[in-house]
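Residue numbers (our numbering), protein chains in the order written: chain A, 29 to 380; chain B, 25 to 307.
See structure below.
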Amino acid sequence: MTPFSRALMASTALATLALAAPAWAQSLNALVWCDHADPELVRPFEEAHGVRVNLREYEGTAAGLAILDQSRPGDWDVLVIDAVDVGRAVDLGLLAPLPADALPTGDFFPELVMEDLNTRDGQVFAVTEKFGYNTLSFNRAAVDADAMGDMNSLFSGDFTGRIAIYDYYLPVLGMLALNEGIATADLDAAALERLRAPLMALRAESRLVGEVVASQTALATGEVDIVVGGGEWLTAVLAEENPDLDWTIPEQGALLWAQSIAVLADSANPDLALEFVRYIVSPEGQARLATSSCYWGMPANAAAAAHLSDEERAILRWDQQPEFLARAQRYPVPDADLDAAMQDLWIDMLQQ
Amino acid sequence: MSPKAGTRQGWGFVAPALLWTAAFFVAPFALMVWLSLSRLEGRTVVPGPGLDNYIRFFTEPSLLRGLVVSLEITAVVTVVSVALAYPLAAIIAFRVPRRWQRVVLVLAILPFWTSYVVRSYAWLLVLGQGGAVNAALMGLGITEAPLQLSATRFATVTGFVHFFVMLLTLTIYANLVQLSPNYARAAADLGAGRVATFVHVILPLTLPGVVTGAFLTFVLCMGDYITPQILGGNRELTLPQLIMMQLGRRGDFPMASAMAVILMAVVSLAYLACARWLRVERI
Chain A
29 MTPFSRALMA
39 STALATLALA
49 APAWAQSLNA
59 LVWCDHADPE
69 LVRPFEEAHG
79 VRVNLREYEG
89 TAAGLAILDQ
99 SRPGDWDVLV
109 IDAVDVGRAV
119 DLGLLAPLPA
129 DALPTGDFFP
139 ELVMEDLNTR
149 DGQVFAVTEK
159 FGYNTLSFNR
169 AAVDADAMGD
179 MNSLFSGDFT
189 GRIAIYDYYL
199 PVLGMLALNE
209 GIATADLDAA
219 ALERLRAPLM
229 ALRAESRLVG
239 EVVASQTALA
249 TGEVDIVVGG
259 GEWLTAVLAE
269 ENPDLDWTIP
279 EQGALLWAQS
289 IAVLADSANP
299 DLALEFVRYI
309 VSPEGQARLA
319 TSSCYWGMPA
329 NAAAAAHLSD
339 EERAILRWDQ
349 QPEFLARAQR
359 YPVPDADLDA
369 AMQDLWIDML
379 QQ
Chain B
25 MSPKAGTRQG
35 WGFVAPALLW
45 TAAFFVAPFA
55 LMVWLSLSRL
65 EGRTVVPGPG
75 LDNYIRFFTE
85 PSLLRGLVVS
95 LEITAVVTVV
105 SVALAYPLAA
115 IIAFRVPRRW
125 QRVVLVLAIL
135 PFWTSYVVRS
145 YAWLLVLGQG
155 GAVNAALMGL
165 GITEAPLQLS
175 ATRFATVTGF
185 VHFFVMLLTL
195 TIYANLVQLS
205 PNYARAAADL
215 GAGRVATFVH
225 VILPLTLPGV
235 VTGAFLTFVL
245 CMGDYITPQI
255 LGGNRELTLP
265 QLIMMQLGRR
275 GDFPMASAMA
285 VILMAVVSLA
295 YLACARWLRV
305 ERI
């Protein structure tokens, strides 16, 4: 072998090794919602800790739990989950306890600490990271804002064919329950039957039932003027292009959505996972999460205000939060049978 | 080579394909059938065997309607796609000069080069209130106000037809170019006019290509989730959409499996019908 050949082989081997070696010393696997996939949110954490964060997006608790069920122990380190479903995950033994003193819940909006959801027998298992409302989004240029102050106007016939329904049964059925004077916490099988007629009536008034992108597209293109179940999460990212796209909470109230973040019990990197959770609920992380490119939402940590611009706070309606929080009710938390009945009703509505 | 050695060699050649089929088709399918005979109680899967999911599917109108909607949409898409693709393929095969045919075919399949999802969202904009179609209709004075074209079955069918016309054009074109011009000349010599030549000679000879394309259209259309989900506006649910709902929202794998088995049974019946009545085995 000539010296040149040896040099060539050696340099090739070195280059191969360099390429094959992991770019990051450690990695973290997180099962999240799409707002966490914004590189602006994750990159600062990766750079600060010299790690790689692998994200997998999912929608709906059932899908998330199915992914965990099909994974090997240790595959996942962090889980983002509906705050109302934290209890389900705790019951399944999926979540690791979190040190309460490591979390800045003292700076949180008090309603968003949600101890009853995130804590079990005095032990913290998750922490709220973001919240918002399922309510009415609308195009101010096409719809009288006063009319949106009353949910009954949806059934008046004035907006026939101009309404989109957000394709998620829990918030929409919750909103209809509020309109019927039923608290979301009291929603049971009997109360659900009372919602059948209003749901079908709403369907008759609507043009489409769409998931996030379809609803946003319909509102942005003028296909519809109202999205039932929408909110700041739906319109905020569109506000720059069309400031007329707005949202409000009608007199009957709205649904409060909240997402929590937790460390999985069988995480292979529990310390790093906790650091990630602490970053997400830190004021800087919260501001980035609130204005994520997928959807905006209020940060649970009120200290994030210092890291948001005046314009961003205005879009999030920061100053109106005390009033909004007072008028919003939590998502219904159905047991398995009620959940199945709700979904059956939803399918009936879609196939009407 | 002895007969035994030949047999061993033969098995050696087919073994990889057999193993592949067993591992990635037979075993998963058997698992799916077994799961479909289980049932979900609360959030727990209770092993079968039982027919609860099948009984529920055929007795619950909103679920059965998913199958009906899928069949209706598929039938319309298949018929419309064949009706559009056949003349297009014939023009390319018989009217376009040989040297340009490849270029025209590439142009015909150009839409395939974009993402299926992106193409569906593009149709959403084209068919929207302020989209090109409504603008053209109003600009020509055909309608005074925009029509609701998106979020309808029409939109779903349009999205499908756009895709499948290209697929059918390719399969029918492949059949047409192989056809010897002598058949048409012989028919003309025997006194057949253009229409009679097409109906009695050209069409029967190209039927295998049409049936292959139509069957592929049927299979892909019946099982498609993306197009109706994006373009249909959830105004009615197809069977694949209902399957996704069972998986994504309910975590009801047994019910989703039962529906998938039913979907597969429908496709198998369609294949058997093609094979029996149109002698698809000649293809």
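Note that the Cβ used here is the ideal one computed from N, Cα and C, for glycine as well.
No Cβ-Cβ contact shorter than 8 Å links residue 176 of chain B with residue 247 of chain B. Looking only at A/62, A/55, A/63 and A/69, the smallest Cα-Cα distance to residue 316 of chain A is reached by A/69.
Within 10 angstroms of the beta-carbon of residue 210 of chain B lie fewer than 16 other beta-carbons, which makes it exposed.
The beta-carbon separation of residue 197 of chain A and residue 374 of chain A, rounded to 4 Å, stays under the 8 Å limit for a contact. Within the segment 142-168 of chain B, complete alpha helix (DSSP H) segments of at least 4 residues are found at 156-163, given in chain order. Look at the beta carbons and you see the segment 182-200 of chain B touching the segment 99-110 of chain B: at least three pairs across the two are nearer than 8 Å. For residue 237 of chain A, a Cβ of chain B is located within less than 8 Å of the residue's own Cβ. No Cβ-Cβ contact shorter than 8 Å links residue 166 of chain B with residue 203 of chain B. Residues of the same chain with a CB within less than 7 Å of the CB of residue 148 of chain B, apart from the 5 flanking positions on each side, are 174, 254 and 255 in chain order. Collapsing the DSSP output to three states places residue 371 of chain A in a helix.
With a threshold of 8 Å between beta carbons, residue 378 of chain A makes contact with chain B. When DSSP states are grouped into helix, strand and coil, residue 142 of chain A belongs to the coil group. Close to residue 371 of chain A, with beta-carbon spacing below 8 Å, are these residues of chain B in chain order: 269, 273 and 274. DSSP places residue 178 of chain A in no beta strand (DSSP E); its state is neither H nor E.
Beta-bridge annotation (DSSP): residue 242 of chain B is not paired with any residue. Residue 237 of chain A has its alpha-carbon roughly 20 Å from the corresponding atom of residue 143 of chain B. The beta carbon of residue 93 of chain A sits closer than 8 Å to some beta carbon of chain B. Under the 8 Å criterion on CB atoms, residue 225 of chain A is classed as non-interfacial with respect to chain B. Contact of residue 249 of chain A with chain B is assigned, a C-beta pair being separated by under 8 Å. Against chain A, a Cβ distance below 7 Å from residue 89 of chain B picks out 379. Taking CB atoms only, residue 65 of chain A has no neighbour in chain B less than 8 Å away.
In the DSSP assignment, residue 305 of chain A falls within the unbroken alpha helix (DSSP H) covering 298-308.
CA-CA distance, residue 140 of chain A to residue 117 of chain A, rounds to 19 Å. Counting C-beta atoms within 10 angstroms of its own C-beta, residue 275 of chain B has 16 or more neighbours from the protein chains shown and is therefore classed as buried. When A/84, A/306, A/181 and A/77 are compared, the shortest CA-CA separation from residue 131 of chain A is found for A/306. Approximately 13 Å separates the beta-carbon atoms of residue 223 of chain A and residue 193 of chain A; this is outside 8 Å, ruling out the contact. Minimum Cα-Cα distance from residue 204 of chain A among the listed residues A/248, A/256 and A/246 corresponds to A/256. Within the same chain, 98, 102, 291 and 294 come within 8 Å of residue 242 of chain B by CB-CB distance, once the 5 residues on both sides are set aside.
Three or more beta-carbon pairs separated by less than 8 Å are not found between the segment 295-305 of chain A and the segment 82-100 of chain A, which leaves the two stretches without contact.
For residue 157 of chain A, the enclosing beta strand (DSSP E) starts and ends at 155-167.
Per DSSP, the continuous alpha helix (DSSP H) segment holding residue 105 of chain B begins and ends at 85-114. In the displayed model, residue 289 of chain A falls within a strand according to three-state DSSP. Excluding residues up to 5 positions away in sequence, 80, 81, 266 and 283 lie with their Cβ nearer than 8 Å to the Cβ of residue 87 of chain B in the same chain. In the structure shown, residue 125 of chain A falls within a coil segment according to DSSP collapsed to helix, strand and coil. For residue 375 of chain A, the C-beta contacts it makes with chain B under 8 Å involve 86, 87, 261, 266 and 269, in order along the chain. Annotation: Cβ neighbours of residue 87 of chain A in chain B (cutoff 8 Å, chain order): 272.
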